[in-house]
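Colleague: Read top to bottom, the protein sequences are chains L and G.
Residues in the first sequence are numbered consecutively from 228, following my numbering.
Residues in the second sequence are numbered consecutively from 69, following my numbering.
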Amino acid sequence: MMDSPSYMLSKIAEKDNLTVYELFFGPNHPGMHGNFGYVLEMIGTEIVKVRPNAGHLHRGFEKLMEQKLWVQNIALVPRICVADPDPNEVAYCTAIEKILRVDIPDRAKFLRTITLEMSRLSSFLMGMGALAAAVGLYTAMNIMTADRDLILDLFEWLTGARVYHMFSIPGGVRNDLADGFVERLYKVLDHLEKRLIEYDKLLFENPIIHKRLKGLGYVSKEDAVKYGLTGPNLRASGNPYDVRVDDPYAAYPYLDVRVITQEGGDALTRAIQIRLEFEETINLIRRALKTMPEGEIRLNLGNLSALKVPKGEAYAKVESSKGEFGYYVVSDGGMKPYRVAVRGPSLPAGLLLAQKHLPKMKIDDVAAWMASLAICPPDIDK
Amino acid sequence: MIAAIRVFGYSLFAIFIGLLFMGIGRKIIARIQLRLGPPFYQAFLDVGKLFARKSITHNFVMDLGMIMSLAGLLSTMLFVPVAGHMAIKTSSNLILIIYLMAIGHLGMAMAAAASGNPNATIGVSRALTMMLGYEIPFFTVMLGLIIFNGTSSLELIAQSQAGGILNWNMVKFPLGFLAAEIALQAIMGEKPFDAMVAPAEIASGPMVELGGKYLGLAFLTHAVSIFVETGIMVNLFMGGASNVFTFVLKQFEIYLITILIEAVFPRFRIEQAVKFLWTVPMSIAVVQLAIILL
């Protein structure tokens, strides 16, 4: 009897004058993605204090990368973000190419861009689905998961892998588009565009969604910059910043990327921001497919397993579906990186903003708040 | 002796129909979600599996609460006429039925509170808050019907609607039916009024500490509650039925409406849900009551 949970809980309650109690939101909780957690101190159903409980997903990527060959790390980096793996590969390869001072062929740039945008689509579908699931609309989540599979099928055809593609390599990409790939991609894009009408009815125009998300987790224009939010979260607060436009990489200089910004800064605006960017991404892939040149798909850098990168350092950043993914790579001229540091987009929202927003929030809204900010714990806990 | 056998038989029938509905409901929701879904008899397999499991209890009160929850709903079931037949000789008083229905919730509240998990406690407090929300509009509709028929006997209300679809209360009092249907969504704990379970918020609320046989009991309780709640609606608004098959078919129609709404709506927060129930179905119910009285 002494060690039963109710006895222990009543002891905790006694200590805190029967008011404040601890509630573990994660690492095992249906509303939490990834093995991350918040330890919430609550009064009734209201949160008074929050402690991010990271570390359950720590796999030591940055240290591990120092022990692997330059090209071996290609298999490692996509695993930092499960939902949107390609930005990691491209950022890592771009950083290496910056140190090597090489310019990759144009077709390789376009292929990278297309895979990045396809990855963005699949990640947006997952993000919108997660938001829908957080407020209990499992129908939207299931339909979006089914649609995401169409993109994963294309990835499997192109790269041989569904989730971790390992498609970009230093100097270019692994393989070219197969015959018929472009036609099927167009078909999938048309299908997704048609489905948007359904998503609108189901999710974005749903009055209950509006009721729940309006005003939730408001981030002002200044706060978004102060806390270091990037990507759709930043643009939903009215800051027109997009790495694809402001510091273009891959084939984005050749494409006319439209930056969508909205005023508002609450969870509903962020949800609609993702929906608008989803539509724009479909158009961007179409434009990229139309303007893609013929030619080589990679530079000849010799045997990649014996690749030596000259001494130097570089920072490369990529606009992922959740925000800016940055890779800081240092080489001492050897076969392996000297140091790789990764800047994930979820870190500011997941750790810092949580401590500002979650107190005074009701337990009802925690999952929806997390999904609206697209917090992806694997890139907090690297 | 015969009465005991009848009660047992009726209970088994209610559990069977409830589990069958749950299975078919899951299949239909799966088809809406573009999934294949489990077979329609999945709920039976689930319950069989759960009762074969070892289970963990926290204390005696939790055991008692689970049994009380099932027993409360089964005893409610005895007062609901199934196609004119009843397990025991009674007048099937509506007020008594609604009163007994709360016992199921209270049993679950006892079990969840005894399990000592804060998620379960929040879930139960939400369930009881939701009860406040849906009972008022539902009672108002019922009051109208009781005044119109001059009796509070569910059996007599069902009999008064005999003789064709135009005599059904559903057709005579469409507004009342609408209000009751919205309230039923909350009574059955389906979306948008499922804040008491809410997996993403409070990890399935009252169910969080239940495993094995306890979860099996919770399944059975849910099955009986589906039977009782749809049964009340069929008797109140769809004229009961002349045979059991028609009765179950009508029950399924009511259940179908519920799960179709469930499939395409997210959930309200608890305070939004209660506010909605006290405004929209409540005003519809009051208008209906006024029409009946005038």
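A virtual CB, placed ideally from N, CA and C, is assigned to each residue, including glycine.
Could you give the first and the last residue of the continuous beta strand (DSSP E) run that contains G/Leu88?
Modeller: Element bounds for G/Leu88: not the beta strand (DSSP E) but the alpha helix (DSSP H), 70-100.
Colleague: What residue does the alpha helix (DSSP H) around L/Ala568 start on, and which one ends it?
Modeller: Not the alpha helix (DSSP H): L/Ala568 falls in the beta strand (DSSP E), residues 566-570.
Colleague: Which residues in the same chain as L/Ala594 place their Cβ atom closer than 7 Å to its Cβ, once the five residues preceding and following it in sequence are excluded?
Modeller: Cβ neighbours of L/Ala594 beyond the five flanking positions: Gly258, Ala361.
Colleague: Would you identify the three-state DSSP class for L/Tyr555, choosing helix, strand or coil?
Modeller: Strand, per DSSP.
Colleague: Judging by CA-CA distance, which residue of G/Leu138, G/Val292, G/Gly91 is the nearest neighbour of G/Phe112?
Modeller: Among G/Leu138, G/Val292, G/Gly91, the Cα nearest to that of G/Phe112 is on G/Gly91.
Colleague: Do you know whose CA, among G/Ala151, G/Pro186, G/Val148, G/Asp131, lies nearest L/Thr246's CA?
Modeller: When only C-alpha atoms are compared, the closest one is G/Pro186.
Colleague: Going by the beta-carbon positions, is the gap between L/Ala320 and L/Pro397 smaller than 7 Å?
Modeller: Looking at the sequence provided, one finds Cys at residue 320 of chain L rather than Ala. Yes; because the gap between Cβ atoms is below 7 Å, this pair is in contact.
Colleague: At 7 Å on the CB atoms, spell out the chain G contacts of L/His256, in chain order.
Modeller: In chain order: Ala271.
Colleague: With distance defined between alpha-carbon atoms, name the residue in L/Phe252, L/Leu296, L/Asn315, L/Leu250 nearest to L/Leu569.
Modeller: At residue 569 of chain L the sequence reads Val, which differs from the Leu that was named. The shortest C-alpha separation from L/Val569 is found at L/Asn315.
Colleague: Just to confirm my understanding: we take L/Gly282, look at its own chain, exclude 5 residues before and 5 after, and list those with CB closer than 7 Å. What are they?
Modeller: Correct list, in chain order: Asp608.
Colleague: With burial defined as no fewer than 16 other Cβ atoms inside 10 Å of the residue's Cβ, what is the status of L/Pro480: buried or exposed?
Modeller: When all chains shown are included, L/Pro480 counts as exposed.
Colleague: Under 8 Å, CB to CB, which of the residues in the segment 255-269 of chain G have a partner in chain L?
Modeller: So the close ones are Lys259, Pro260, Asp262, Ala263, Ala266, Pro267, Ala268, Glu269.
Colleague: As an exercise, report each continuous alpha helix (DSSP H) stretch of at least 4 residues that is fully enclosed by the segment 323-363 of chain L, in chain order.
Modeller: DSSP runs (the alpha helix (DSSP H)) wholly in the segment 323-363 of chain L: 333-361.
Colleague: Taking only three categories from DSSP, how would you classify L/Leu585?
Modeller: Correct three-state label for L/Leu585: coil.
Colleague: For L/Leu443, go through chain G and note every residue whose CB falls closer than 9 Å to its CB, in chain order.
Modeller: By Cβ distance, chain G contributes nothing, its closest Cβ being about 10 Å from L/Leu443, past 9 Å.
Colleague: Could you tell me the distance, in whole angstroms, from the CA atom of G/Ile360 to the CA atom of G/Ile214?
Modeller: For G/Ile360 and G/Ile214, the distance between alpha carbons rounds to 10 Å.
Colleague: In chain G, what lies closer than 7 Å to L/Ala361 by C-beta?
Modeller: Those are Ala268, listed as they occur along chain G.
Colleague: Give the interface partners of L/Thr366 over in chain G, defined as CB-CB distance under 7 Å, in chain order.
Modeller: The answer, in chain order, is Ile100, Gln101, Ala331, Val332.
Colleague: In its own chain, which residues sit with a C-beta less than 8 Å from the C-beta of L/Pro332, not counting the 5 before and 5 after it?
Modeller: Here the set comprises Gly399, Gly522, Glu523, Ile524, Arg525, Leu526.
Colleague: Buried or exposed for L/Ala543, going by 16 or more other Cβ atoms inside 10 Å?
Modeller: Classification of L/Ala543: buried, given that the 10 Å Cβ count is 16 or more.
Colleague: Would you identify the three-state DSSP class for L/Tyr319, choosing helix, strand or coil?
Modeller: Three-state DSSP puts L/Tyr319 in a helix.
Colleague: Inspect the beta-carbon positions of G/Met134 and G/Ala179 and report whether they are closer than 7 Å.
Modeller: It is a contact, given that the beta carbons lie within the stated cut-off.
Colleague: So for L/Ile524, helix, strand or coil by DSSP?
Modeller: Looking at L/Ile524 - three-state DSSP - the assignment turns out to be coil, as it is neither helix nor strand.
Colleague: Since L/Thr386 and L/Arg401 are thought to touch, with beta carbons under 8 Å apart, how far apart are those beta carbons, to the nearest angstrom?
Modeller: Indeed, because the Cβ distance is near 7 Å, the residues count as touching under 8 Å.
Colleague: Against chain L, with Cβ distances strictly below 7 Å, would G/Gln319 count as a contact?
Modeller: For G/Gln319, the answer is no, since every Cβ of chain L falls outside 7 Å of its Cβ.
Colleague: Is L/Asp450 near L/Glu546, with beta carbons less than 7 Å apart?
Modeller: No. Outside cutoff.
Colleague: With distances taken between CB atoms, is the gap from G/Val348 to G/Ala151 smaller than 7 Å?
Modeller: Not closer than 7 Å, so no.
Colleague: Grab me the residues of G/Phe245's own chain with a C-beta within less than 6 Å of its C-beta, minus the 5 sequence neighbours each way, in chain order.
Modeller: Within the same chain, G/Phe245 has close Cβ partners Met238, Phe305.
Colleague: Going straight from the alpha carbon of G/Thr125 to that of G/Leu200, what length do you get?
Modeller: Distance between the alpha carbons of G/Thr125 and G/Leu200 is about 30 Å.
Colleague: From the beta carbon of G/Leu283, is the nearest beta carbon of chain L less than 7 Å away?
Modeller: No, its Cβ sits nowhere closer than 7 Å to a Cβ of chain L.
Colleague: Alpha carbons only, please: which of L/Tyr565, L/Ala494, L/Glu506 is nearest the one belonging to L/Ile487?
Modeller: It is L/Glu506.
Colleague: What is the rounded straight-line gap between the Cα of G/Ala226 and the Cα of G/Leu317?
Modeller: Each residue's alpha carbon lies about 16 Å from the other.
Colleague: Run down chain L in chain order and give the residues with a C-beta less than 8 Å from the C-beta of G/Ile338.
Modeller: Near G/Ile338 (Cβ distances below 8 Å), the residues of chain L are Asp591.
Colleague: Select from the segment 190-202 of chain G all residues with a C-beta closer than 7 Å to any C-beta belonging to chain L, and list them in chain order.
Modeller: Those residues of the segment 190-202 of chain G that come within reach of chain L (Cβ to Cβ, closer than 7 Å) are Ile190.
Colleague: DSSP beta-bridge partners for L/Pro279?
Modeller: According to DSSP, which records beta bridges pairwise, L/Pro279 is partnered with L/Tyr265.
Colleague: Report all residues from its chain with a CB closer than 6 Å to the CB of G/Met256; omit the five preceding and five following residues, and keep chain order.
Modeller: Excluding positions up to five away in sequence, the list reads Glu297, Thr326.
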